Amino acid sequence: MENFTPLASLIGGSLIGLSASVMLCFNGKIAGISGIVAGLLSPTKHDTLWRLVFVAGLLAGGFLLRFFSARSFEIGSVRSGGALALAGLLVGFGTRLGNGCTSGHGICGISRGSKRSLIATATFMAMGAAAVYIVNHLLGGAL
Amino acid sequence: MKSVLVSFLSGVVFAIGLGISGMTQPAKVIGFLDFTGNWDPSLAFVMVGAITVHAIGYRLSRSRPSPLFASTFAVPTRTDLDLRLVGGAALFGLGWGIAGFCPGPALTSLVSGHPSVMIFVVAMIAGMSLYTLIEDRWLRRQVPAQGGGSPLTTPPSSAFQNPADS
Chain D
6 MENFTPLASL IGGSLIGLSA SVMLCFNGKI AGISGIVAGL LSPTKHDTLW
56 RLVFVAGLLA GGFLLRFFSA RSFEIGSVRS GGALALAGLL VGFGTRLGNG
106 CTSGHGICGI SRGSKRSLIA TATFMAMGAA AVYIVNHLLG GAL
Chain Y
148 MKSVLVSFLS GVVFAIGLGI SGMTQPAKVI GFLDFTGNWD PSLAFVMVGA
198 ITVHAIGYRL SRSRPSPLFA STFAVPTRTD LDLRLVGGAA LFGLGWGIAG
248 FCPGPALTSL VSGHPSVMIF VVAMIAGMSL YTLIEDRWLR RQVPAQGGGS
298 PLTTPPSSAF QNPADS
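Quick mapping for you: the protein sequence lines, in order, are chains D and Y.
If you're matching positions, the first sequence starts at 6 in my numbering and goes up one per residue.
If you're matching positions, the second sequence starts at 148 in my numbering and goes up one per residue.
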């Protein structure tokens, strides 16, 4: 529990909720990152610019973090390139098959009481925990 | 034009929220998912904060006939549970647990220039593209097109993209 940061996490989470609320109330869009990125991969007219600009905003926010909170980008875990590539494939494929990720299902969906998002979130949390158990405890962290 | 500015600023605030909350640190994410080890419950507070604020934001949006800078709300309406939802979430969860990255934090972390992030993001985009390829070639044919049309004549954004959950 030495890394427990409840206040920072609560404030950061609130900012994420604020961002998603602004996107919804002003632009009518769901701030689900996997959906926003997937829309860029098969672009359609009038539905691409806001996605590009949102992702540009994410990167700009990342630059600000580099200056004000360099600790945000501590990786702190040692996964091989192969493990990261496998994980990326699973995340990319899985979020399309299941129509959402931590933001689209975990935050936006649950906030509006979507049963689909609740089930999806419970599922990816459980499988995430299973993956960590396998990698960290059965394989000794070596993957 | 105002809506473009809103999208940009929302992206900035989203990224800063991810950074402050700890979501961009894979070791912290893995610590949150490590229930049988040295469990770090911090990221539960991210969800509490985000869901509390957005539940209010969602209610606000419901009180209006349309968004301020757009004509319609693109909010998902599906309520059915299917194998794709659960299977997709399961695959996503596995990847999330292995790497400690989900899509938003991974994109935000690109500016760190860390090779781990680059590998993950390239693979993630490959995974998304692979899904589109498989969906176009195979999955879509299993679902009869609405109105009796041939699956091949179905517009690319039929049942699966709009309304999606995210």
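We put the CB at the ideal spot given by N, CA and C, even for glycine.
Predicted model only: the values in this text are computed from it and were never measured.
query, result
"Check the Cβ-Cβ distances between residue 120 of chain D and every residue of chain Y, and say whether any is below 9 Å.", "yes"
"With DSSP run on the structure shown, which of helix, strand or coil describes residue 170 of chain Y?", "coil"
"In chain Y, what lies closer than 7 Å to residue 68 of chain D by C-beta?", "258"
"Hey, is residue 212 of chain Y's beta-carbon within less than 9 Å of any beta-carbon in chain D?", "no"
"With a threshold of 8 Å on Cβ separation, who are the neighbours of residue 115 of chain D within its own chain once the five nearest residues in sequence on each side are excluded?", "122, 123 and 126"
"Can you tell me which of the three DSSP states residue 50 of chain D falls into?", "coil"
"Relative to the C-alpha of residue 118 of chain D, which candidate in Y:173, Y:250 and Y:203 has its C-alpha closest?", "Y:203"
"In or out: residue 134 of chain D buried (at least 16 other Cβ within 10 Å) or exposed?", "buried"
"Grab me the residues of residue 110 of chain D's own chain with a C-beta within less than 7 Å of its C-beta, minus the 5 sequence neighbours each way, in chain order.", "122, 125 and 126"
"Listing by chain order, which chain D residues have their CB less than 9 Å from the CB of residue 280 of chain Y?", "Ordered by position in chain D, no residue passes the 9 Å Cβ test against residue 280 of chain Y, which lies about 10 Å from the chain."
"Cα separation between residue 56 of chain D and residue 178 of chain Y?", "31 Å"
"What's the C-alpha gap between residue 128 of chain Y and residue 184 of chain Y?", "Since the first residue shown for chain Y is 148 and the last is 313, residue 128 of chain Y is missing from the structure and cannot be characterised."
"Considering Cα atoms alone, identify which of Y:279, Y:192, Y:221 and Y:255 is closest to residue 268 of chain Y.", "Y:255"
"Quick one: give me the first and last residue of the alpha helix (DSSP H) that residue 92 of chain D is part of.", "86–102"
"Ignore the nearest five residues each way along the sequence and tell me which others in residue 146 of chain D's own chain have a CB closer than 7 Å to its CB.", "140"
"Using 8 Å for Cβ pairs, my map puts residue 38 of chain D next to residue 106 of chain D. What's the rounded Cβ distance?", "6 Å"
"Using 9 Å as the limit for Cβ to Cβ distance, is residue 285 of chain Y near chain D?", "no"
"Taking all protein chains shown into account, do 16 or more other C-beta atoms lie within 10 angstroms of the C-beta of residue 243 of chain Y, making it buried, or fewer, making it exposed?", "buried"
"My assumption, with CB atoms under 8 Å, is that residue 96 of chain D sits in contact with residue 271 of chain Y. Please give the rounded CB distance.", "5 Å"
"By how many angstroms is the C-alpha of residue 212 of chain Y removed from the C-alpha of residue 88 of chain D?", "47 Å"
"Decide if the segment 148–166 of chain Y is in contact with the segment 23–35 of chain D; the criterion is three or more beta carbon pairs, one per stretch, under 8 Å apart.", "yes"
"Take residue 280 of chain Y as the anchor and find which of D:65, D:58, D:67 and D:101 has the nearest alpha-carbon.", "D:101"
"Determine the chain D residues that contact residue 148 of chain Y at a beta-carbon separation under 9 Å, and present them in chain order.", "By Cβ distance, chain D contributes nothing, its closest Cβ being about 10 Å from residue 148 of chain Y, past 9 Å."
"Could you give the distance in angstroms between the alpha-carbon of residue 44 of chain D and the alpha-carbon of residue 229 of chain Y?", "22 Å"
"Note down the Cα distance separating residue 138 of chain D from residue 14 of chain D, rounded to an integer number of angstroms.", "23 Å"
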